[in-house]
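For the sequence shown, the residue numbers in the numbering used here are 4 to 383. Glycine included, each C-beta is placed from N, C-alpha and C at the ideal position. On a predicted model such as this, the values are computed, not experimentally measured, just so you know. To keep things clear, I will list the structure first and then write my remarks on it.
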Amino acid sequence: MRTRAAVLYGPHTEYVIEEIELDDPKENEVLVRFVASGMCHSDEHMVTGDMAMDPAIVEMLGWQQYPIILGHEGAGVVEKVGPGVTELAVGDHVVTSFVPSCGRCPSCAKGQQNLCDSGAYLLSGRQADGTARHHALDGSDIATMCCLGTFAEHSVMNINSLVKVEPDLPLDKACLVACGVTTGWGSATYAGDVAPGDTVVVIGTGGVGMNAVQGAAMAGARHVIALDPVEFKREQAMKFGATHSASTPEETMALLGELTWGRNADVVINTVGEGKGSDVETYMNMVGKGGKLVFTSVANMNDNDVTLNLFAFAMQQKSLVGTIFGSANPRSDIPKLLGLYRSGNLKLDELVTRTYSLDEINQGYQDMRDGKNIRGVIVY
Ligand SMILES: NC(=O)c1ccc[n+]([C@@H]2O[C@H](COP(=O)([O-])OP(=O)(O)OC[C@H]3O[C@@H](n4cnc5c(N)ncnc54)[C@H](O)[C@@H]3O)[C@@H](O)[C@H]2O)c1
Ligand SMILES: [Zn+2]
Ligand SMILES: [Zn+2]
Numbered sequence: 004m005r006t007r008a009a010v011l012y013g014p015h016t017e018y019v020i021e022e023i024e025l026d027d028p029k030e031n032e033v034l035v036r037f038v039a040s041g042m043c044h045s046d047e048h049m050v051t052g053d054m055a056m057d058p059a060i061v062e063m064l065g066w067q068q069y070p071i072i073l074g075h076e077g078a079g080v081v082e083k084v085g086p087g088v089t090e091l092a093v094g095d096h097v098v099t100s101f102v103p104s105c106g107r108c109p110s111c112a113k114g115q116q117n118l119c120d121s122g123a124y125l126l127s128g129r130q131a132d133g134t135a136r137h138h139a140l141d142g143s144d145i146a147t148m149c150c151l152g153t154f155a156e157h158s159v160m161n162i163n164s165l166v167k168v169e170p171d172l173p174l175d176k177a178c179l180v181a182c183g184v185t186t187g188w189g190s191a192t193y194a195g196d197v198a199p200g201d202t203v204v205v206i207g208t209g210g211v212g213m214n215a216v217q218g219a220a221m222a223g224a225r226h227v228i229a230l231d232p233v234e235f236k237r238e239q240a241m242k243f244g245a246t247h248s249a250s251t252p253e254e255t256m257a258l259l260g261e262l263t264w265g266r267n268a269d270v271v272i273n274t275v276g277e278g279k280g281s282d283v284e285t286y287m288n289m290v291g292k293g294g295k296l297v298f299t300s301v302a303n304m305n306d307n308d309v310t311l312n313l314f315a316f317a318m319q320q321k322s323l324v325g326t327i328f329g330s331a332n333p334r335s336d337i338p339k340l341l342g343l344y345r346s347g348n349l350k351l352d353e354l355v356t357r358t359y360s361l362d363e364i365n366q367g368y369q370d371m372r373d374g375k376n377i378r379g380v381i382v383y
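And the structure:
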């Protein structure tokens, strides 16, 4: 079938909106008509080139990076099911899971679905069988982000990448739990293990960090400091449960000194737009004895250097914790978070600053770069 998609032809280019050819779903795959897709910062790393791999390695693996249909925070309706699909039916409402979860690999079996072995294909640009479902009108293959490609009116994907949701939930809000909400909330509650009475700093309160703020508040943190250079983000953070805000690391250190009598933070969560190894020492300085720094931000793939005073790190028994998808289990946490939204305990509506049509995607990402949006959402 033909559908419309935003195609990125290479780093440092704009999205091109065009018609593409989409194959029928193969075994264990479905065709989804998207209703909405959040514009996460992770897609932006394909635009800046931070996630662009060595082309020789990409070719050796039989992968494809560009041209690509980005987008991994989608929600929509199943329109067709492929052979062997029994758990989803035409008309079902679904949210994407940016890490597929097979339910059978050792990681899934241990309750770490965010580390599912199917994640090995996340950057392949392909479906798990190594082939593409998306093609240009000349027949050449187009890659997809995280085996999904939600910046398109329709896509075909494996059922492992989808979680069925209750049909009365608004899909233009539910899409946010496909990545940003779950990642941020889980960065505080799972990766950070925030406990009642804790002091928490969230660095970078955008689409992900704002949910680390609400996760920390929900977990009972006493102080939640939102550190962001953008005033609008700091103001918004107070609505999501922050108790204080700061615009620089120095201001944050001063606040921590006052609030904790010099003991500093139990948990610091880094959700800035671009993670940098050179910032680790600054952020680790905010962490008190026995505390942890959770690193959620995506860094340039070739950033191998971390600045960290190892003496203080060991002697103050600190931890540095990496996390993907907030260490959450999409099949249980996506329904859980939507349940919290339904009962009024989790804010989703307030995360959506502005909606865009697919044709406005370049404007949407410019607004993200300009600090105007907590989350911009494409509504189809
Ligand atoms: N680990 C994961 O599984 C995972 C999942 C989703 C997103 N991410 C990553 O998380 C990061 C945040 O994503 P997002 O969608 O929230 O981005 P965003 O652009 O919405 O938010 C980033 C925020 O960081 C702020 N910021 C920028 N520089 C800063 C600095 N030096 N100090 C403090 N704040 C600063 C910006 O003002 C903005 O509010 C990105 O790197 C993204 O790729 C990781
Ligand atoms: Zn994301
Ligand atoms: Zn698995």
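{"Query": "Nearest to LYS279 (by Cα), restricted to the options THR263, GLY291, PRO252 and ASN307", "Result": "ASN307"}
{"Query": "Spatial distance of GLN68 from ASN267 (CA atoms)", "Result": "42 Å"}
{"Query": "Assigned exposure category for GLN239 - 16 Cβ within 10 Å defines buried", "Result": "buried"}
{"Query": "In DSSP terms, what ARG107 is bridged to", "Result": "DSSP, once it has assigned bridges, lists no residue as partnering ARG107."}
{"Query": "Burial state of ASP27 (16 or more Cβ within 10 Å)", "Result": "exposed"}
{"Query": "Enclosing beta strand (DSSP E) for MET160 [first to last residue]", "Result": "157–161"}
{"Query": "Where ARG225 falls: helix, strand or coil (DSSP)", "Result": "coil"}
{"Query": "For VAL80, the residue or residues it bridges with in DSSP", "Result": "ARG36 and HIS96"}
{"Query": "Neighbourhood of ligand 2 [Cβ distance below 5 Å to any heavy atom], ordered by chain position", "Result": "CYS43, SER45 and CYS182"}
{"Query": "The alpha helix (DSSP H) enclosing TYR69, as first and last residue numbers", "Result": "No alpha helix (DSSP H) contains TYR69, which DSSP labels as neither H nor E."}
{"Query": "Contact test: GLY106 Cβ vs ligand 3 heavy atom, cutoff 8 Å", "Result": "yes"}
{"Query": "Contact under 9 Å by Cβ, ALA177 with HIS96", "Result": "yes"}
{"Query": "Closest by C-alpha distance to MET256, when choosing among PHE235, LEU64 and ALA229", "Result": "ALA229"}
{"Query": "Residue of ILE206, VAL233 and ARG357 minimising C-alpha distance to TYR286", "Result": "ILE206"}
{"Query": "Proximity test, ASP120 beta-carbon vs ligand 3 heavy atom, cut-off 8 Å", "Result": "yes"}
{"Query": "Cβ-Cβ distance between GLY471 and GLY329 below 9 Å", "Result": "Outside the modelled stretch of the chain, which goes from 4 to 383, sits residue 471, for which no answer is possible."}
{"Query": "Close-in-space but distant-in-sequence residues of the same chain around VAL290 (CB under 7 Å, 5 per side omitted)", "Result": "ASN267, ALA268, VAL271, LEU296 and LYS321"}
{"Query": "Burial state of THR251, where buried means 16 or more other Cβ atoms lie within 10 Å", "Result": "exposed"}
{"Query": "Inter-residue Cα distance where the pair is TYR344 and LYS350", "Result": "6 Å"}
{"Query": "Which residues DSSP lists as bridging PHE298, in chain order", "Result": "ASN273 and GLY325"}
{"Query": "CYS150 CB to nearest heavy atom of ligand 3 below 8 Å", "Result": "no"}
{"Query": "contact_flag[the stretch 34–46, the stretch 206–223] where n(CB pairs < 8 Å) is 3 or more", "Result": "yes"}
{"Query": "Per-residue DSSP class, three states only, for HIS137", "Result": "strand"}
{"Query": "Given HIS157 as reference, the closest of PHE37, ILE337, PRO109 and ASN303 once Cα atoms are compared", "Result": "PHE37"}
{"Query": "Same chain, Cβ closer than 6 Å to THR202, five either side skipped, listed in chain order", "Result": "HIS226, THR263, ALA268 and ASP269"}
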